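*Asks:* Structure in structure tokens, see below.
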Amino acid sequence: MGRGKVLNEHEKELIAGLSQGGRTIRDIAARVQRSKNVVSNFLRAPLEFGRKKSPGRPQKLSPTDKRRLLRAASNETKDSNTLRQELGLSVASRSVNLPHAAQRPELPIQEDGVGSNDAAPSSRRP
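Numbering (full-length UniProt numbering) for the sequence shown: 1 to 126.
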């Protein structure tokens, strides 16, 4: 089952203030328009509330593998399959392509609209 929206700072301050004023959890929940459970959980541990990381599939590439990949990709132009084989990574080529594609700077655009590193002329010229 999914999670609801997290409490924003205003709601947290409001819950804490109403609790200090002696209001019941049911009354606070009605005023803030949140469930009794979220109000109760926040009041039980306000500093730890909302800090749990979202679950998800573990990354196939470790931070070390990503650094090695970026270092190898920055030296010369290679396709993702070659990089994957050279570094001995047991992941799909797409997984290799994602980290270094995000780090790649945008190609400078010339006046004619073609990137400076393009080998073939574009078919969409005016």
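Yeah, the Cβ is synthetic: ideal placement off N, Cα and C, and Gly gets one too. From a predicted model like this one, the values you see are computed outputs, not experimental measurements.
Per DSSP, what kind of secondary structure is residue 60 in: helix, strand or coil?
*Replies:* DSSP places residue 60 in coil when its eight states are reduced to three.
*Asks:* Pick out whichever of 48, 24 and 94 has its Cα sitting closest to the Cα of residue 79.
*Replies:* For the residues 48, 24 and 94, the minimum Cα distance to residue 79 belongs to 94.
*Asks:* Tell me the DSSP secondary structure of residue 26 in three-state form.
*Replies:* Helix.
*Asks:* Starting from residue 80, follow the alpha helix (DSSP H) in both directions and report where the run begins and ends.
*Replies:* Run containing residue 80: 80–87, per the alpha helix (DSSP H) assignment.
*Asks:* I'd like the list of long-range same chain contacts for residue 16, defined as Cβ closer than 6 Å, with 5 residues on each side in sequence excluded.
*Replies:* Hits under 6 Å: none found.
*Asks:* By Cβ distance, which residues of its chain are closer than 8 Å to residue 97, with the 5 residues on each side in sequence left out?
*Replies:* The residues are 80.
*Asks:* Which same chain residues, not among the five before or five after residue 91, have their C-beta less than 8 Å away from its C-beta?
*Replies:* Answer for residue 91: 60, 61 and 84, listed in chain order.
*Asks:* Mapping the DSSP letters down to three states, classify residue 75 as helix, strand or coil.
*Replies:* Residue 75: helix per DSSP, three-state reduction.
*Asks:* Tell me, please, whether the stretch 30–43 touches the stretch 65–75 by the rule of three or more beta-carbon pairs shorter than 8 Å.
*Replies:* The stretch 30–43, when compared against the stretch 65–75, does not touch it at the 8 Å Cβ threshold.
*Asks:* Excluding the five sequence neighbours on either side, which residues of its own chain have a C-beta within less than 7 Å of the C-beta of residue 26, listed in chain order?
*Replies:* Excluding positions up to five away in sequence, the list reads 36.
*Asks:* How long is the line joining the alpha carbons of residue 53 and residue 66, rounded to whole angstroms?
*Replies:* Answer to the nearest angstrom: the Cα atoms are 22 Å apart.
*Asks:* Within the continuous alpha helix (DSSP H) that includes residue 40, where are the two ends?
*Replies:* Taken as a continuous stretch (DSSP letters only), the alpha helix (DSSP H) holding residue 40 covers 36–44.
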